[in-house]
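Colleague:
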Amino acid sequence: MELQVVSNQGPLTALSTHAMYLQFTKIRRRLEISDTITPEDLAMPVSELDTAHAKQILRDVGLRATAARVAVIKLLASQASPITHAEVVESLAEFGFDQSTLFRCLNEMADAEILIRLDLGDQTRRFEFRDSSTREEFTHPHFMCVDCGQLSCMNDFSIQITPSRGRRRKQLGTITEIMIRGHCGNCEPQT
56 MELQVVSNQG
66 PLTALSTHAM
76 YLQFTKIRRR
86 LEISDTITPE
96 DLAMPVSELD
106 TAHAKQILRD
116 VGLRATAARV
126 AVIKLLASQA
136 SPITHAEVVE
146 SLAEFGFDQS
156 TLFRCLNEMA
166 DAEILIRLDL
176 GDQTRRFEFR
186 DSSTREEFTH
196 PHFMCVDCGQ
206 LSCMNDFSIQ
216 ITPSRGRRRK
226 QLGTITEIMI
236 RGHCGNCEPQ
246 T
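One gets our numbering by counting positions in the sequence shown from 1 and adding 55 to each.
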């Protein structure tokens, strides 16, 4: 399929759909990724994370601020719950990133503690953005529905684990993750 691009000065060059898409993507990336950062950007809530703030986060941990890494951070910062590599690939498909590039980005940023990597025992890792204000090892518990597999962050909950009465307190180690499994409101059996 060929497209003809017309401006008010007359027809431009004819481009294939794919070539036009590639040109558009390159121009859009150049416009979206700028090096300007203001103090207001750094104070921005996670849900409104902009490109400059994402780039600063990467530089702070010693990673290069590539277009793929910036796009992944912005995507994960806008999510309400952790998402899989496949969901990241699907969400960023319009930008033309290779799925192996996105896989490496996710793992490198998890190793750098920008992201939290969750392994729920189902052979599928999920990732979420780690807010810089909570860089502790354990951030918040998660709830997973055993019926539909939906994963939810429990940001508004506090969970305390204490030894049973009469039991000697024994140091088990450091808790890094709490996963609660059950039936979500949509799947809960009707009684």
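Note that the Cβ used here is the ideal one computed from N, Cα and C, for glycine as well.
Here the structure is a predicted model, which means the values were calculated and not measured.
Considering only DSSP beta bridges, list what residue 173 is partnered with.
Modeller: Within the sequence shown, residue 173 is the residue found at index 118, counting from 1. Answer is 181, bridged to residue 173.
Colleague: Which residues in the same chain as residue 209 place their Cβ atom closer than 8 Å to its Cβ, once the five residues preceding and following it in sequence are excluded?
Modeller: Walking along the sequence shown from the start, residue 209 turns up at place 154. Contacts found: 195, 196, 197, 198, 235.
Colleague: Below 8 Å on the Cβ atoms is my guess for residue 156 versus residue 129; work out the distance and round it to an integer in Å.
Modeller: One-based indexing of the sequence shown puts residue 156 at position 101. One-based indexing of the sequence shown puts residue 129 at position 74. Not a contact, Cβ separation roughly 16 Å.
Colleague: What would DSSP say about residue 206, mapped onto helix, strand or coil?
Modeller: If you number the sequence shown from 1, residue 206 lands on position 151. Looking at residue 206 - three-state DSSP - the assignment turns out to be strand.
Colleague: Can you tell me whether residue 116 is buried or exposed? The criterion is at least 16 other CB atoms within 10 Å of its CB, across all chains shown.
Modeller: Reading the sequence shown from its first residue, position 61 is the one you call residue 116. Flag for residue 116 reads exposed.
Colleague: Restricting to Cα atoms, I'd like to know which of 146, 137, 160 is closest to residue 121.
Modeller: Position 66 of the sequence shown, counted from the start, is the residue given in the question as residue 121. Closest by alpha carbon: 160.
Colleague: Within a Cβ cutoff of 8 Å, which residues of the same chain sit near residue 244, ignoring the five residues on either side of it in sequence?
Modeller: Sequence index remark: in the sequence shown, residue 244 carries index 189 (1-based). Closer than 8 Å at Cβ, skipping near neighbours: 238.
Colleague: Who pairs with residue 152 in a beta bridge, going by DSSP?
Modeller: By one-based count along the sequence shown, residue 152 stands at place 97. Partner(s): none; residue 152 has no beta bridge.
Colleague: Which residue marks the beginning of the alpha helix (DSSP H) containing residue 114, and which one marks its end?
Modeller: Taking the first residue of the sequence shown as 1, we reach residue 114 at position 59. Element bounds for residue 114: 106-115.
Colleague: Per DSSP, residue 237 forms a beta bridge with which residues?
Modeller: Numbered from 1 along the sequence shown, position 182 holds the residue referred to as residue 237. BP columns for residue 237 point to 200.
Colleague: Among 134, 125, 158, which residue has its Cα nearest to the Cα of residue 141?
Modeller: Indexing the sequence shown from 1 puts residue 141 at position 86. Cα-wise, what sits closest to residue 141 is 158.
Colleague: How close, in whole Å, do the beta carbons of residue 150 and residue 126 come, if the pair is a contact with beta carbons under 8 Å?
Modeller: The count along the sequence shown starts at 1 and reaches residue 150 at position 95. The count along the sequence shown starts at 1 and reaches residue 126 at position 71. Indeed, because the Cβ distance is near 6 Å, the residues count as touching under 8 Å.
Colleague: Taking C-alpha atoms, which residue in 233, 220, 173, 205 lies nearest to residue 212?
Modeller: Numbered from its first residue, the sequence shown carries residue 212 at position 157. Closest option to residue 212, Cα to Cα, is 233.
Colleague: My output table needs one value for residue 128: the three-state DSSP class, helix, strand or coil.
Modeller: In the sequence shown, counting from the first residue as 1, residue 128 sits at position 73. Helix.
Colleague: Would you please state the rounded distance, in angstroms, between the beta carbons of residue 168 and residue 180? I believe it to be under 8 Å.
Modeller: Position 113 of the sequence shown, counted from the start, is the residue given in the question as residue 168. Position 125 of the sequence shown, counted from the start, is the residue given in the question as residue 180. That pair is no contact at about 15 Å.
Colleague: Does residue 114 pass the burial test, meaning 16 or more other C-beta atoms within 10 Å, or should it be called exposed?
Modeller: The residue you call residue 114 lines up with position 59 of the sequence shown. The residue is exposed, with fewer than 16 neighbouring Cβ atoms inside 10 Å.
Colleague: Could you check the C-alpha separation between residue 251 and residue 139 for me, to the nearest Å?
Modeller: Lying outside 56 to 246, the shown extent of the chain, residue 251 is not represented and no answer is given.
Colleague: Would residue 173 and residue 132 be called neighbours here (beta carbons separated by less than 8 Å)?
Modeller: Against the sequence shown, residue 173 aligns to sequence position 118. Against the sequence shown, residue 132 aligns to sequence position 77. No, Cβ-Cβ distance for residue 173 and residue 132 is not below 8 Å.
Colleague: Starting from residue 146 and walking both ways along the alpha helix (DSSP H), at which residues does that stretch end?
Modeller: By one-based count along the sequence shown, residue 146 stands at place 91. Per DSSP, residue 146 belongs to the alpha helix (DSSP H) from 140-146.
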